[in-house]
Amino acid sequence: MINNLEISHFKSIKQLQMDCKRVNIFIGEPNTGKTNILEAISLFSKNVTERFKDMFRFSIVSDLFFDFDISKHIEILVDGQKGIFQFNPQNSEFEFKTFENNNDFGGFSVDSKGNWKSHLPMGGERSIFPYKYRPVEIFKNNNLSNLNSPNGDNMPALLYSNPKLKKVVSGFYKEMGYRLNINPVENKIMLTKEVNDELYNYPYALLSETIKRIVFIMLAIESNKDAALLLDEPEANTFPFYTKYIAERIALDSNQYFITTHNPYLLSSIVEKTPLNDLSVSITYMDNYETKIYSLPPAQIEELYDTDIFFNMDYFIADGVR
Numbered sequence: 179m180i181n182n183l184e185i186s187h188f189k190s191i192k193q194l195q196m197d198c199k200r201v202n203i204f205i206g207e208p209n210t211g212k213t214n215i216l217e218a219i220s221l222f223s224k225n226v227t228e229r230f231k232d233m234f235r236f237s238i239v240s241d242l243f244f245d246f247d248i249s250k251h252i253e254i255l256v257d258g259q260k261g262i263f264q265f266n267p268q269n270s271e272f273e274f275k276t277f278e279n280n281n282d283f284g285g286f287s288v289d290s291k292g293n294w295k296s297h298l299p300m301g302g303e304r305s306i307f308p309y310k311y312r313p314v315e316i317f318k319n320n321n322l323s324n325l326n327s328p329n330g331d332n333m334p335a336l337l338y339s340n341p342k343l344k345k346v347v348s349g350f351y352k353e354m355g356y357r358l359n360i361n362p363v364e365n366k367i368m369l370t371k372e373v374n375d376e377l378y379n380y381p382y383a384l385l386s387e388t389i390k391r392i393v394f395i396m397l398a399i400e401s402n403k404d405a406a407l408l409l410d411e412p413e414a415n416t417f418p419f420y421t422k423y424i425a426e427r428i429a430l431d432s433n434q435y436f437i438t439t440h441n442p443y444l445l446s447s448i449v450e451k452t453p454l455n456d457l458s459v460s461i462t463y464m465d466n467y468e469t470k471i472y473s474l475p476p477a478q479i480e481e482l483y484d485t486d487i488f489f490n491m492d493y494f495i496a497d498g499v500r
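Our numbering runs 178 ahead of the 1-based position in the sequence shown.
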């Protein structure tokens, strides 16, 4: 579990430090840097080299640097393990290296467009997985250990190889009157319904985005254990019933979570179900074009039961923050 996090010189974050809990929620107005915090942590994720372009939002890699200043390096500190992302003018590549106790533990490099150039296994590798739902029509990955981050492009392989996960997803579709149909040869997911003793197959792509999003989040949670999951607005475009389901599952899980949200249903459900000692709620805001956070003390978190924080953020951060 990540206990302490420090980020410097990453996108809108010039300097940020926070103590982390098992469930860490970031709320704040749009464009205040919530997702940037998750992206910074993603530099330590297991498949960052393979999915660099999917994990980070940029046109060219220099966009990842504070004020686009590549003369200064990006630095991420996770419980004493340091990650440095910097430009190497000798080969015009951007390099990420990890260190612990001044020992080099490997890293990777990409070109200015984010294309992978080299990779050395990073010692002390952490189970950090960023997940961001995006419609996937062709499932190309056959990873069997957990839902592949960031977009879950191994869903068929994961389901047909894991009876427990298959049962969870099958039960979900069964309530809607469908049966789960997995084709391992073609790596496809279909839904089947019976009409007058005949079976009709429907491509997974025809399902509503809400249902596909819920299944994606369910698999991200259920396929990981004791990992750090980074979820950017997991409740987006979901029905309130499912939002509450996601929140309650997160609150009772063994994984660590870093979550951005604008949704009061998700926030209130997590606050209600998560033990106070396991919960961190932070408000992001901009100060002189820099992302800052205010982490609510326990007394203010308890106030969330009676107050809609999304309409009262200034009230919560007024005491000595600005």
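The C-beta atom is built at its ideal place from N, Cα and C for all residues, glycine as well.
For L444, the enclosing alpha helix (DSSP H) begins and ends at P442 to K451. Annotation: the continuous beta strand (DSSP E) that includes K275 extends over E271 to E278. DSSP, reduced to helix, strand and coil, places N340 outside both helices and strands of the structure shown, so it counts as coil.
In the structure shown, the three-state DSSP call for Y435 is strand.
Per DSSP, the continuous beta strand (DSSP E) segment holding A406 begins and ends at A406 to D410.
Going by beta carbons, L336 and L397 fall inside the 8 Å limit. A direct Cα-Cα distance of roughly 15 Å separates K366 from V393. Ranked by Cα distance from N281, the options Q259, P328 and F263 are led by Q259.
Assignment of Q268 by DSSP, reduced to helix, strand and coil, places it in the coil class. The region 409–423 makes contact with the region 437–444, as at least three CB pairs between them are under 8 Å. The bridge partners DSSP lists for T370 are R357 and N379.
For S339, same chain residues with a beta-carbon under 8 Å away, outside a window of 5 residues either side, are L322 in chain order.
Around the Cβ of K291, a 10 Å sphere holds fewer than 16 other Cβ atoms; the residue is exposed. Just so you know, the alpha carbons of K231 and I487 end up roughly 34 Å apart. In the structure shown, F234 adopts coil according to DSSP, grouped into three states. As a beta-bridge residue in DSSP terms, S473 pairs with S460.
Counting other Cβ atoms within 10 Å of its Cβ, Y311 reaches 16 or more and is therefore classed as buried.
The Cβ atoms of M233 and P308 lie closer than 8 Å to each other. Between H187 and F265, the beta carbon gap of about 12 Å keeps them out of contact (Cβ cut-off 8 Å). N214 is the residue among N214, E207, Y493 and L343 whose C-alpha sits nearest the C-alpha of Q193. Minimum Cα-Cα distance from A218 among the listed residues N433, S447 and L408 corresponds to L408.
Secondary structure at L397: helix, using DSSP grouped into helix, strand and coil. Take the alpha-carbon of T276 and the one of E376: they are about 57 Å apart.
When secondary structure is reduced to three states using DSSP, G349 falls in the helix class. For F272, same chain residues with a beta-carbon under 6 Å away, outside a window of 5 residues either side, are V239, F265 and V288 in chain order. The straight-line gap separating the alpha-carbon atoms of M464 and N209 is approximately 8 Å. Counting C-beta atoms within 10 angstroms of its own C-beta, N324 has 16 or more neighbours from the protein chains shown and is therefore classed as buried. Counting other Cβ atoms within 10 Å of its Cβ, R235 stays below 16 and is therefore classed as exposed.
Distance between N279 and Y467, taken at the CA atoms: about 33 Å. Looking at K295, P418, Y378 and K189, the one whose alpha-carbon comes closest to that of I252 is K189. The C-alpha of N433 is placed about 23 Å away from the C-alpha of E228. Shown here for I360: same chain residues with a beta carbon closer than 7 Å to its own, the five before and five after excluded, namely P334, L337, Y338 and I367 in chain order. Between the alpha carbons of E315 and Y380 lies a distance of about 13 Å.
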